[in-house]
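The sequence shown runs 3 to 325 under this note's numbering. Each residue gets a CB set at the ideal place from its N, CA and C atoms; glycine is no exception. Treat the numbers as computed from the prediction; the structure is a model and nothing was measured. Remarks on the structure that follows.
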Amino acid sequence: MIRSVVLGTGSYLPEKVLTNADLATLVDTSDEWIIQRTGIRERHIAAEGEMTSDLALAAAERALADSGLAASDIDLIVVGTSTPDNTFPATAVAVQHRLGIHHGAAFDLQAVCTGFVFALSTADALLRTGQFKRALVIGAETFSRILDWTDRTTCVLFGDGAGAVVLEGQEQPGALTDRGILTSHLRSDGQHKEKLYVDGGPSSTRTVGHLRMEGREVFKHAVGMIADVIDQAFAATGTDADDIAWFVPHQANKRIIDASAKKLGIASEKVVCTVERHGNTSAASIPLALDEARRDGRIKKGDLVLLEAMGGGFTWGSALIRW
Numbered sequence: 003m004i005r006s007v008v009l010g011t012g013s014y015l016p017e018k019v020l021t022n023a024d025l026a027t028l029v030d031t032s033d034e035w036i037i038q039r040t041g042i043r044e045r046h047i048a049a050e051g052e053m054t055s056d057l058a059l060a061a062a063e064r065a066l067a068d069s070g071l072a073a074s075d076i077d078l079i080v081v082g083t084s085t086p087d088n089t090f091p092a093t094a095v096a097v098q099h100r101l102g103i104h105h106g107a108a109f110d111l112q113a114v115c116t117g118f119v120f121a122l123s124t125a126d127a128l129l130r131t132g133q134f135k136r137a138l139v140i141g142a143e144t145f146s147r148i149l150d151w152t153d154r155t156t157c158v159l160f161g162d163g164a165g166a167v168v169l170e171g172q173e174q175p176g177a178l179t180d181r182g183i184l185t186s187h188l189r190s191d192g193q194h195k196e197k198l199y200v201d202g203g204p205s206s207t208r209t210v211g212h213l214r215m216e217g218r219e220v221f222k223h224a225v226g227m228i229a230d231v232i233d234q235a236f237a238a239t240g241t242d243a244d245d246i247a248w249f250v251p252h253q254a255n256k257r258i259i260d261a262s263a264k265k266l267g268i269a270s271e272k273v274v275c276t277v278e279r280h281g282n283t284s285a286a287s288i289p290l291a292l293d294e295a296r297r298d299g300r301i302k303k304g305d306l307v308l309l310e311a312m313g314g315g316f317t318w319g320s321a322l323i324r325w
């Protein structure tokens, strides 16, 4: 069977760093308050004029360099983002053009913080049909552009960044030992919209709007939903927590990450956590963490890597990958 094998990873963070101390000069908060409730110490903020496509392009170029492929080898680009450059065309098309690619297909996918998992699963499905051969899957966000900087409950949480992976459809035996994406599971439930949403849009207010969140409600649902799709991944592959080499969760909140790992029985030393330095970068958080853990030598060929995320909608999902 065809499996979507990861050939390379890349990431990009804007130069500007916004610390908790910096935020304390903007809103009524403190470094201690933010760390205690979220585990975040700093986040990166896109420069004036630096767009989501700029971040996505930088991450894509680094992933291509890591894979040893040329841009012309790519025939599919899927960008997970909730903060596109324009209402249309897709940010993926801008990346495609700037990479000099004039064949294949490029499109955006919007599932908020679960965007990278949704994009990865979508690209995997298309590669397995044989319609495409190699894909760039990118998570890229400039959430700083949709924050209300007077709302201390949300503006302290989010940052900007991008991460990317290169996938190639390869023939594999069809066993658990196969390299590539072994299984993915996607869910959504629109009844929870009011708990995490943006209060604007072209068709409703004709404005971009700001992010609004009921933090306690999100936390209350997060761990259970995450466990749900991970249990599905284990059931589909006959694996369990002991088989996992690395757990790479969405980097939203240290408390959610810790509680999820504990509920699933995943040892803390197997958890890749970057939220302290990146904040919540939405669809970019998982590929940012993946790239860091692969480049520092933690993730190695043959490792079983578990991804999970939950985002506004609600959306949530998991993916299990043999590196």
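| said: For W151, count the other beta carbons within 10 Å of its own beta carbon; 16 or more makes it buried, fewer makes it exposed. Which is it? | reply: exposed
- Going by CA-CA distance only, name the one from L198, G315, W325 that's closest to L309. Ranking the options by Cα distance to L309, first place goes to W325.
- prompt: Which residues share a DSSP beta bridge with Q172?
  reply: Answer is R5, bridged to Q172.
What would DSSP say about F90, mapped onto helix, strand or coil?
Correct three-state label for F90: coil.
**Q.** Test item: CB-CB of V231 and R189 under 8 Å
**A.** yes
Which residues does DSSP list as the beta-bridge partners of I259?
Within the DSSP secondary-structure output, I259 pairs in no beta bridge.
Apart from the five residues on each side of it in sequence, which residues of its chain come closer than 8 Å, Cβ to Cβ, to A92? V81, P86, A108, F109, D110
Problem - Cβ neighbour criterion (16 or more within 10 Å) applied to L178 - result: L178 counts as exposed, since fewer than 16 other C-beta atoms from the protein chains shown sit within 10 angstroms of its C-beta.
Exercise for the section: Measure the alpha-carbon distance for H104 versus G132 and round it to whole angstroms. Expected result: Straight-line spacing of the CA atoms in H104 and G132 works out to 19 Å.
So, using beta-carbon positions, are V7 and Q172 closer together than 8 Å?
yes
| task | Quick one: grab the DSSP three-state call for T144. | result | strand
For this session: Measure the alpha-carbon distance for A224 versus L15 and round it to whole angstroms.
Result: 26 Å
Restricting to runs no shorter than 4 residues, where is the alpha helix (DSSP H) found entirely within the stretch 187-263? If we require 4 residues or more, the alpha helix (DSSP H) runs fully inside the stretch 187-263 come out as 217-239.
Can you give me the start and stop residues for the beta strand (DSSP E) that S320 sits inside?
Here the beta strand (DSSP E) through S320 covers 317-324.
Contact the stretch 163-172 vs the stretch 56-63: 3+ CB pairs below 8 Å
yes
State the Cα-Cα distance for the pair D233 and I42, rounded to the nearest angstrom.
28 Å
For F221, which residues of its own chain have a beta-carbon under 8 Å away from its beta-carbon, when the five flanking residues on both sides are left out?
-> N255, R257, I258
Point to revise | Per-residue DSSP class, three states only, for D24 | key: Collapsing the DSSP output to three states places D24 in a helix.
**Prompt:** Which ranges would you report for the beta strand (DSSP E) in the stretch 45-115 if only whole runs of at least 3 residues count?
**Reply:** 78-82, 107-111
Proximity of L184 and T239 at Cβ, strictly below 8 Å: yes
Report back the beta-carbon spacing between P289 and G141 to the nearest angstrom; my notes put them in contact at under 8 Å.
5 Å
With distance defined between alpha-carbon atoms, name the residue in V19, M215, K18, T89 nearest to G397. Residue coverage of the chain in this structure runs from 3 to 325, which leaves residue 397 outside it and unanswerable.
Would you check if the stretch 310-318 and the stretch 271-282 touch, i.e. whether three or more CB-CB distances between them fall below 8 Å?
-> No: the two stretches stay apart, fewer than three of their Cβ pairs being nearer than 8 Å.
- request: Just confirm the distance between the C-beta atoms of E44 and T21, as a whole number of angstroms; I'd bet it's less than 8 Å.
  value: 5 Å
Option in E50, D30, L71 with minimal Cα separation from G10
G10 has its Cα closest to that of L71, out of E50, D30, L71.
From what residue to what residue does the beta strand (DSSP E) around A311 run? 306-313
Identify which residue in Q193, D242, I301, R279 has its Cα closest to the Cα of V19. R279
- Query: Among residues of its own chain, excluding the 5 on either side of L226, which ones have a beta-carbon nearer than 8 Å to its beta-carbon?
  - Reply: A small correction: the amino acid at residue 226 is Gly; Leu does not occupy that position in the sequence shown. Excluding sequence neighbours, G226 sits near nothing in its chain.
Quick one: measure Cβ to Cβ for L1 and A48, integer angstroms, because I've assumed they're closer than 8 Å.
In the structure as shown, the chain begins at 3 and stops at 325. Residue 1 is therefore absent and cannot be evaluated.
What's the gap between the Cα of S186 and the Cα of T283? 21 Å
Answer yes or no: do I228 and A137 have a C-beta to C-beta separation smaller than 8 Å? In terms of Cβ geometry, I228 and A137 do not form a close pair [threshold 8 Å].
Can you tell me whether I288 is helix, strand or coil according to DSSP? helix
- Query: Just to check, is the beta-carbon of I42 closer than 7 Å to a non-hydrogen atom of the ligand NAD?
  - Reply: In terms of ligand content, the structure shown is empty, and the ligand NAD therefore cannot be addressed.
Specify, as a first and last residue, the run of the alpha helix (DSSP H) that T131 falls within. 117-131
* **alpha helix (DSSP H) segment containing I36, residue limits** => 33-40
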